[in-house]
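Chemist:
Numbering (my numbering), first residue to last: 47 to 278.
1. Would you kindly work out how many angstroms separate the C-alpha atoms of residue 76 and residue 226, rounded to a whole number?
2. Could you tell me whether the region 187-202 touches the region 143-163, where touching means 3 or more Cβ pairs closer than 8 Å?
3. If the criterion is Cβ atoms closer than 9 Å, does the pair residue 179 and residue 127 meet it?
4. Quick check on the DSSP output: the alpha helix (DSSP H) that includes residue 199 runs from which residue to which?
5. With distance defined between alpha-carbon atoms, name the residue in 94, 238 and 219 nearest to residue 129.
6. Quick one: grab the DSSP three-state call for residue 161.
7. With a cut-off of 8 Å, do at least 3 Cβ pairs link the region 83-91 to the region 105-118?
8. Would you kindly check if the distance between the Cβ of residue 216 and the Cβ of residue 174 is under 9 Å?
9. Residues in its own chain within less than 6 Å of residue 166 by CB, not counting five upstream and five downstream?
10. When DSSP labels each residue in this structure, what does residue 183 get in the three-state scheme?
11. Alpha helix (DSSP H) containing residue 128: first to last residue?
12. Should the region 139-158 be called in touch with the region 117-124, which here means at least 3 C-beta pairs below 8 Å?
Structure follows, in structure tokens:
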């Protein structure tokens, strides 16, 4: 006779690649509308700028440069910064760019500028804003203004997103499969994308691409996320 064993699992909400949505009276993890977790992919490539300035914050000009190449950011987009930071994982000192990865005052990594987020909120329609670094706020933030702005606007933030070089800067569809934690302020997520692979008389057909954003980093990010959020 086969016996099934139930296993109790405990985990931190803000771990691995994950969403954060913790503003009072806004969405909780379990009641985010599914349509808010799907959208056209907009990948903002700032790798050269981040290489020159580890505290770089994505600017409105970066978004306008993307639009000059690909047209206006589409409605309900999932907009993710690609700083090339994935190359630093799993070394915590490189990810947080410090010899003291348990001391948040020493962190240096790129993310979004709060003015850019406010522009996205007021001028465009976005479902999720993401980064390939530990936080949507840059390492030296003292106010976490990006977190606050996104939370007030009911926009989820995705952190530690990997493998962004595997999808085009424009043209993909991104899906954020977040763990449905009741009354959660966030949760681990598996993010994947589809890209057009064939132009037919009926338009583009889409196929899956091997962007298992989570899988490449999931072994190592628990430590990094724990260190980061413990100090916040």
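We put the beta carbon where it would ideally sit given N, CA and C, even for glycine.
Modeler: Taking the structure as given:
1. Numbered from its first residue, the chain shown carries residue 76 at position 30. Numbered from its first residue, the chain shown carries residue 226 at position 180. Going by the C-alpha atoms only, they are around 5 Å apart.
2. yes
3. Locating residue 179 in the chain shown gives position 133, counting from the first residue. Locating residue 127 in the chain shown gives position 81, counting from the first residue. Yes. Within cutoff.
4. As a position in the chain shown, residue 199 is number 153, starting the count at 1. Premise fails: residue 199 is in no alpha helix (DSSP H) and is neither H nor E.
5. Within the chain shown, residue 129 is the residue found at index 83, counting from 1. That would be 94, whose Cα lies nearest to the Cα of residue 129.
6. For the purposes of this step, residue 161 is taken as the residue at position 115 of the chain shown. In this structure, residue 161 counts as helix in the three-state DSSP scheme.
7. yes
8. In the chain shown, the residue the question calls residue 174 occupies position 128. In the chain shown, the residue the question calls residue 216 occupies position 170. No; because the gap between Cβ atoms is not below 9 Å, this pair is not in contact.
9. Sequence index remark: in the chain shown, residue 166 carries index 120 (1-based). Within the same chain, residue 166 has close Cβ partners 172.
10. Looking up residue 183 in the chain shown gives position 137. If DSSP states are grouped into helix, strand and coil, residue 183 belongs with the strands.
11. By 1-based counting over the chain shown, the position of residue 128 is 82. It is not in any alpha helix (DSSP H) - residue 128 instead sits in the beta strand (DSSP E) that spans 123-128.
12. no
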